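Chains as they are written, first to last, in the numbering used here: chain A, 21 to 314; chain B, 32 to 337; chain C, 34 to 399; chain D, -12 to 375.
Backbone N, C-alpha and C fix where the C-beta goes; we use that ideal spot for every residue, glycine too.
Predicted model, so just to flag it, every value in this text is computed and none were measured.
Encoded as structure tokens, the structure appears first; notes follow it.
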Amino acid sequence: MNDYENILLHRLKWTYLLLVVLTLMTPVIYVMYISFNANGFGANEYAFTLEFYGLIFSDELLIGALRWTLMLAVVVTLIAIPMALLAAKYYKAADNKLFPVFLLLAPLFVPPDILGSALLVFFKNLNLTFVWLGDQLGMSLFDSWFRLSFLTATIGLIIYTIPYSFVVILITMGRYHPEQTEAARACGANGWRAFWDIEFPQIRAGVFSACAFTVILVFNEYTRTSLLKGGFDTFTTVLISQMLNTGMSGQSYAMSALVSFVAIAAIGSIIIFTMLRAETLSRVARAKAEPVMS
Amino acid sequence: MSNPLTDMADGDTFPVGLQKKAPLRERLVPWAFRAPLVFMLLFFAFPMAMTVVFSVFERTMFWMEPGFTLFSYENFFFSARLVNFLNSMKYSVISVVICFAFGFPIAVFVRKSIPQIAQHRVVLLFILPFMVSEIIRVFALRPVLQRNGLINTTLLDLGIIDEPITALLYTHTGVVIGEVLSFLPFIVFSGFLAMEAVPKFIFEVCDDLGVGPWRRFKDVILPLAAPGIFAGSVFIFVNGLGVALLPNILGGAGAVNAGLIATQAITALDFPLAMAVSAIMMTTLMTLLWVGHRLFDLTKILTPLS
Amino acid sequence: MPDQKAPAVDVRNLSKHYGDFVALHDVNVTIAAGEYFVLLGPSGGGKTTLLRTIGGFHKPTKGEILLNGRSVGHLPPDKRPTTMVFQAYALFPHMTVTQNVGYGLKVAGLPKDKVSEKVDYALEQVGLSQFTHRKPHELSGGQQQRVQLARAIVLDRDILLLDEPLAALDAQLRKDMCLELKHLQEKVGITFVHVTHNQEEAMTVADRIALIANGNLVECGNARDIYRAPEKAFTASFVGENNMLSGKVSAVNGTSVIVDVAGSKLTVDKRGLAVNEGQEVKLSIRSECVALDLVNGTHAPSDGISITGSFDESVYLGLTTSHLVRLPDGTEMVSRVIADVDDSLPEAGAPIRLTWKSSDIRLHVD
Amino acid sequence: MNQTEFNRRQIMALLGSVAAMSGAGTMASAQQTGLKLWAPGIAKVGAQDWSDMEAQSGISINTIAKSARADESIQKMVVGDGNALYDAMTDNGGGMEDALASQGAIVELDISKIPNWSNILPSYNEGGLSADTIRHEGKIVAVPYISNADSLAFNHGVIGEELTSWEALFDSQFRGRAAMQNDFGPTLTNTAIYLKQSGKGSIDNPSDMTEDEVRQTCEFLIGLKKKGHFRTFWDGVQNGAGLLSSEEVLVSSCWEVIQIFAARKNGQDIRYGTMKEGHQSWNNVVMLTRGGMERGMDAAFYQLANVYLSPWFGAQTLAGLGFTPQMGGVQEYVDANPDMFDADTKQIMSKRLERKQARRAVAGNSWQNVFPTNIRAYQDWWARVQAA
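Next up, the structure:
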């Protein structure tokens, strides 16, 4: 942004950008708007009420679904993030970079329904083969390993979220200088200590935002989970089955509004926090630089 | 560039001068780094490849049995499904173009005239729409686009139109609107990543040489950012083709894409057909990525990261 | 305790291949304990690869490395009696100076008070006692390198490896740091292995210098021998400002040979090298040993220790002035003089004779 | 602890969490002690959640939401793991109970354990009109809880006149303002009834058509769809009601509960007509799964079934969702406790009951069979209609 640029044009571009973000946000705001409307979706008159927010925690179905979704989110994050970290380290050191990149980013390009149905049929067949194998060997240890259950949903979601966390972690790793790991090794730290003491504290921000991102993705994902889940209901599948049946109950709107509000607050605080830290760092740096000049 | 794989491997001491075979533990460690790839091979690459095999199975009442028949492909190619598939391809291309027209300039603007530290934060703004589940976002579009929806009522109040536009919903336009609103952020992300390949001084140099924004875009930015743009466009195209949600909720007559065909087939217990559609989608995807890689080496996308 | 007589670093026919690129080819070198040894050479010559192989960051393809008599080929960097100072970016940005310096001790498991005591002593040695709570990005280049030094010496390892530690500093600071490094080494008394491409830095700090180029150890010796009596042609071309001449041997008599260079016959001491007639050889004369013979011009008979050419131009560099002369076959010779020449110089293109002492010209066969 | 340590520990953690997960998965489902009921929202009355139903039946109920699609439930119960997940389920009688019983997914019921079975509608008893809708090979395998004759909902406020024939749904005056259900069962049966009664198609039995009859019906619909006659095909109550209340469509073949919700939403005059050609009648039944029986949940099932056949439930569903009660004695029950419903609800209830009798009296009615003999033809042709 040099000095000669036309300030008006710059502001115009900024307003255009914010306008696009606003239009993309209308569904989120619309859901929040409905969640406070007493007579629910699509009604003409509007009566403000907080009733539904109260109902959220008494709605057994919703709370059960929330519990399952949280469990799914936690387990997927606990597995996907370390895997993304290992994959990023492997990618950095690998000489043939095309293969890991293709394998790890390809799930981004596979549409949800296609991935879901392909995995569904694959797991069913796998389960049938395991059952057949069990009969041959006369034991039923792994009969129900791959039936559609929590495990299959977790595997599907790991495949869905790992590209996102892989890229996020790779971006933060881009700024890390490998000489520091070597320096740590030269100081007597072994591989793990060098990683844990030196590299991890510097890529921690990336790892945490990857975790937050994965949790949000798992929370809001419907298509793949609905195809691969077992008998339990996750947050989104309950919302959809309500939509397809008697219509989303008031508290469902309230819950989704609450979830998106919490997520926005999380992302918003990350933005503000980094802004503040950048501000304080630059102010401190300026203060330090001052005396030298004077 | 030291190779973390090897240094991390020799994790413990040996008696002096003894050069025996590396212990199991040392050979195990490089495998820990390959575990994610093995997982992806086992549970992603292998199942997607198996779709081709399952697509030629015989269909039974409730499941399928091994066999070889091209009935599913025939069922796909010689029926209205093919017309729908080609149609949804056409509309996907339209939404790619619209997304690119609306989204890419934002990436250029962010990269060009926003200070370096603030850039990531501005791009983060585009993650906010994903805070609500994709399905609620699409459902919420209905009251906006329908006959007495938000758009029609505001236009009517302003007197711009005198009777509501019905083409916004339950038509192909509705699907395209849904696709654009769902996938616009992705062109901003991939554009932003692609613009990483365009060094900052390019803008000063072009100004210096008196190069107008359009020519600068055509001759300089486009060639440099091509891999990222291509990846973003393929992402939107393939998702437009494969997300069943959009035509299902917003589409009307004939608005059926591959994803919807697959899921409808699954509900109708016609698993071989669903696998045939998945196989066809995977081949389209692979050819697109292969062509893209030949034209502009796609690994260039991640080079700014490593 | 490593036995005294074993050399600190003993590299035996070490080779390192990256695919078909040969980074190091059959290198043999021994560095005595307590010696300040410098690996000098052009960038990409393999000196850094050698240093990093000694440090354990690369595995040798062939050959062996013994530190204090023990083979360490399979040991990782943290298990070797070595530690390292890098060119840049090697300080831990999220730690203060004290934490940086004390990290090695913390990893070794020393109690807290012992660590802070040793850290303060090390910081004092490098003169950074009042910067203890600063973060790396708040220090200057020189201070950062001093912190690295402190971080290395605090570990009391036997061998300290330095990978172009002063390359990122500006000229004046580099001069001061060279002397500091030398004094630190004498004070601490452990072996330093220092990699640089800067000849001056090498000669300031080094007890012995090894010249390494395209994967080979060209020559090894103390600063004075390398400068005054280079064995190999490459050493001459790299160290100091030597005039390199190539010619054919026209006659061999006793301890000297006659070499035909650009039409003149030069007599050169054989130095015991096996040379026969007609062989292509290289000669090197340090430019400060070459004098412009303004007195008897070109008509004096050729006496084997002079050559004629046409004057090109002269370049005034303050302390020295360089006179450029073009020989009949196009090669260029430089005569460098300390004194500020006040009398008139010949015009460009005028024939001129260059003379030198017979002991100053050296014969090289490879 | 060194690098290899980290990786081994990390792999252990990975395996540990996988085991924990599958453990958690099974543990969580076992811990829910109540009757695991796979049912849609319309299977409950009274409060928003299932508390009233639980109070009446004296058991705890864990419901898993179920969509109306027939083939989805077959897939889940026969190929999927429905039996492991659900103790009881609901679906359309007269078809689904035969399919599931034939595959051994549901079990025969012992009606002696259901006291209220005595006041069930006579047509369900042996030899009655709809006897076979709850029996498979003569054995009772299902308990009906609601039934109805689906008709045409229309926006009387806008149209201005009472519609009494399916002709209106397919008439060009409502081009682009008509809608039908996005499920081959009801839509094809309704269209077939119209084609049969109006003589436009040679259809013998609309509820179990031959391949050629299915072709005729679907080609009729495809022709209309190509002319842009249908605004859309609705999925679920909220979608159907929204179409009518937002005047997106003026006529729609749908369930009566959709017409009630649409009318209630913005107070428009949306009515549910009686069609002279006949209606697609159906009932919804609750069934005990084999898994439920094996897990000893049959006692709880019988208590719930007893509530479904109680006049209390009949009155509530008639008043709330407008479905036909499956038992007699509802009117006496309402008179017995006058304070349950206010005056005009009672008046609406009696008017609804009247109109339902009128609809059931129409000769052309035919049963919606969700599992017709050549279901494959239905599915293939329906895919063509959807793709048109």
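With 8 angstroms as the threshold, decide whether the Cβ of Q262 of chain A is near any Cβ in chain D. Numbered from its first residue, the first sequence carries residue 262 of chain A at position 242. Q262 of chain A counts as touching chain D.
Is there a Cβ from chain D that is less than 8 angstroms from the Cβ of M201 of chain B? Along the second sequence, one-based indexing puts residue 201 of chain B at 170. Before going further, note that residue 201 of chain B is Tyr rather than Met in the sequence given. Y201 of chain B counts as touching chain D.
Output, in chain order, the set of chain B residues within a Cβ distance shorter than 9 angstroms of T197 of chain D. Numbered from its first residue, the fourth sequence carries residue 197 of chain D at position 210. Those do not exist, as T197 of chain D stays about 19 angstroms from chain B at its closest Cβ, beyond 9 angstroms.
Near S339 of chain C, which residues of its chain fall below 7 angstroms by C-beta distance, leaving aside the five closest residues on each side in sequence? Numbered from 1 along the third sequence, position 306 holds the residue referred to as residue 339 of chain C. Here the set comprises D326, R386, L387 and T388.
Which same chain residues end up closer than 6 angstroms to T131 of chain C when comparing Cβ atoms and leaving out the 5 residues on each side of it in sequence? Residue mapping note: residue 131 of chain C aligns to position 98 of the third sequence, counting from 1. Only V152 and T165 meet the Cβ criterion.
Mark A381 of chain C as exposed unless 16 or more other C-beta atoms lie within 10 angstroms of its C-beta, in which case mark it buried. To locate residue 381 of chain C, count along the third sequence from 1; it is residue 348. Exposed, since its Cβ has fewer than 16 Cβ neighbours within 10 Å.
If you reduce the DSSP assignment to three classes, tell me which class I(-2) of chain D lands in. Stepping through the fourth sequence from its first residue, residue -2 of chain D is reached at position 11. Low local confidence applies: a pLDDT of 42 at I(-2) of chain D is under 50, so the model's placement there is unreliable, with the coordinate-based value given in what follows. Here I(-2) of chain D sits in helix by DSSP.
N-terminal and C-terminal residue of the alpha helix (DSSP H) that T234 of chain A is part of: As a first step, residue 234 of chain A must be located in the first sequence, where it is residue number 214. Run containing T234 of chain A: F220 to N240, per the alpha helix (DSSP H) assignment.
Alpha carbons only, please: which of D:F358, D:Q355, D:N271 and D:L305 is nearest the one belonging to I335 of chain D? Against the fourth sequence, residue 335 of chain D aligns to sequence position 348. Looking at the Cα atoms, D:L305 is the closest of the given residues.
Could you compute how far the alpha carbon of P27 of chain D sits from the alpha carbon of M263 of chain A? Start at 1 with the first residue of the fourth sequence, and residue 27 of chain D comes out as number 40. Start at 1 with the first residue of the first sequence, and residue 263 of chain A comes out as number 243. Cα to Cα, P27 of chain D sits roughly 11 angstroms from M263 of chain A.
DSSP three-state call for G342 of chain C: helix, strand or coil? The sequence position of residue 342 of chain C within the third sequence is 309, counting from 1. In this structure, G342 of chain C counts as strand in the three-state DSSP scheme.
Just to confirm, are A286 of chain B and H203 of chain B a CB contact at a threshold of 8 angstroms? Taking the first residue of the second sequence as position 1, residue 286 of chain B is located at position 255. Taking the first residue of the second sequence as position 1, residue 203 of chain B is located at position 172. Against a cut-off of 8 angstroms, the Cβ pair of H203 of chain B and A286 of chain B comes out as a contact.
From the beta carbon of I227 of chain A, is the nearest beta carbon of chain D less than 8 angstroms away? Here the question's residue 227 of chain A lines up with position 207 in the first sequence. According to the sequence shown, residue 227 of chain A is Val rather than Ile. No, its Cβ sits nowhere closer than 8 angstroms to a Cβ of chain D.
Can we say the stretch 114 to 126 of chain C touches the stretch 182 to 200 of chain C, given the rule of at least three CB pairs closer than 8 angstroms? yes
A266 of chain C and H397 of chain C - do their beta-carbons sit closer together than 8 angstroms? Stepping through the third sequence from its first residue, residue 397 of chain C is reached at position 364. Stepping through the third sequence from its first residue, residue 266 of chain C is reached at position 233. Yes, the pair counts as a contact, with Cβ atoms nearer than the cut-off.
Runs of alpha helix (DSSP H) wholly within the stretch 58 to 136 of chain C (minimum 4 residues, chain order): 80 to 88
When the cut-off is 8 angstroms and only beta carbons count, does T50 of chain D lie next to chain A? In the fourth sequence, counting from the first residue as 1, residue 50 of chain D sits at position 63. Chain A, which has a Cβ nearer than 8 angstroms to the Cβ of T50 of chain D, makes this yes.
8 angstroms CB neighbourhood of N275 of chain C in its chain, flanking five on each side removed: What you label residue 275 of chain C is simply residue 242 of the third sequence in a count that begins at 1. Answer for N275 of chain C: P263, A269, S317, I318, R319 and S320, listed in chain order.
How far does the alpha helix (DSSP H) with G254 of chain C in it extend, from its first residue to its last? Counting from 1 along the third sequence, the entry for residue 254 of chain C is found at position 221. Segment N249 to G254 is the beta strand (DSSP E) holding G254 of chain C; no alpha helix (DSSP H) there.
Could one say the Cβ of S239 of chain D lies closer than 8 angstroms to chain A's Cβ atoms, at least one of them? Counting from 1 along the fourth sequence, the entry for residue 239 of chain D is found at position 252. So no, S239 of chain D is outside the interface.
Within the 8 angstroms Cβ cut-off, does D137 of chain D reach chain A? Here the question's residue 137 of chain D lines up with position 150 in the fourth sequence. With 8 angstroms as the cut-off, D137 of chain D does not count as an interface residue toward chain A.
Taking the beta carbon of G98 of chain B as the centre, do at least 16 other beta carbons fall within 10 Å, making it buried, or is it exposed? Translated into the one-based positions of the second sequence, residue 98 of chain B becomes position 67. It is exposed - the Cβ of G98 of chain B has fewer than 16 other Cβ atoms within 10 Å.
Element boundaries [beta strand (DSSP E), containing L188 of chain C]: The count along the third sequence starts at 1 and reaches residue 188 of chain C at position 155. Careful: L188 of chain C lies outside any beta strand (DSSP E) and carries neither H nor E.
So M312 of chain B and L277 of chain B are supposed to be a Cβ contact under 8 angstroms. How far apart are they, rounded? Taking the second sequence and counting its residues from 1, the one referred to as residue 312 of chain B is at position 281. Taking the second sequence and counting its residues from 1, the one referred to as residue 277 of chain B is at position 246. About 15 angstroms; that fails the 8 angstroms criterion.
So which residues of chain D does R224 of chain A contact, with C-beta pairs closer than 7 angstroms? Counting from one through the first sequence, the residue named residue 224 of chain A turns up at place 204. By Cβ distance, chain D contributes nothing, its closest Cβ being about 16 angstroms from R224 of chain A, past 7 angstroms.
Distance, A66 of chain C Cα to A243 of chain C Cα: As a first step, residue 243 of chain C is located in the third sequence; it is residue number 210 there, counting from the start. As a first step, residue 66 of chain C is located in the third sequence; it is residue number 33 there, counting from the start. Taking the straight line from one Cα to the other gives about 16 angstroms.
Neighbour-count burial assignment, E202 of chain A, 16 or more Cβ in a 10 Å radius: On the first sequence, residue 202 of chain A is found 182 positions in, with the first residue counted as 1. The residue is buried, with at least 16 neighbouring Cβ atoms inside 10 Å.
Quick one: give me the first and last residue of the alpha helix (DSSP H) that D367 of chain D is part of. Residue 367 of chain D sits at position 380 when you count from the first residue of the fourth sequence. Element bounds for D367 of chain D: I362 to A374.
Local conformation of L22 of chain D per DSSP, three classes: By one-based count along the fourth sequence, residue 22 of chain D stands at place 35. Three-state result, L22 of chain D: strand.
Other residues of its chain near M(-1) of chain D: CB distance less than 8 angstroms, five sequence neighbours each side excluded: As a working note, residue -1 of chain D is residue 12 in the fourth sequence. The predicted model places M(-1) of chain D with a pLDDT of 45, which falls under 50 and marks its position as unreliable, so this point remains unresolved.
Are the beta-carbon atoms of T298 of chain B and R56 of chain D separated by less than 8 angstroms? Residue mapping note: residue 298 of chain B aligns to position 267 of the second sequence, counting from 1. Residue mapping note: residue 56 of chain D aligns to position 69 of the fourth sequence, counting from 1. Their beta carbons are under 8 angstroms apart, which means T298 of chain B touches R56 of chain D by this criterion.
Exposure of G89 of chain C, with buried meaning 16 or more beta-carbon neighbours within 10 Å: The residue you call residue 89 of chain C lines up with position 56 of the third sequence. Under this definition G89 of chain C is a buried residue.
Excluding sequence positions up to five away, which residues of its chain have a Cβ less than 7 angstroms from the Cβ of D399 of chain C? As a first step, residue 399 of chain C must be located in the third sequence, where it is residue number 366. For D399 of chain C, where only same-chain residues beyond five positions count, the Cβ hits under 7 angstroms are K265 and A266.
Residues bridged to I107 of chain D by DSSP? Position 120 of the fourth sequence, counting from 1, holds the residue named residue 107 of chain D. I107 of chain D pairs with D:M314.
Short CB-CB distance (under 8 angstroms) between A298 of chain A and chain C: Locating residue 298 of chain A in the first sequence gives position 278, counting from the first residue. Chain C, which has no Cβ nearer than 8 angstroms to the Cβ of A298 of chain A, makes this no.
Which of the three DSSP states is assigned to A307 of chain C in this structure? Here residue 307 of chain C refers to the residue found at position 274 when the third sequence is read from its first residue. Here A307 of chain C sits in coil by DSSP.
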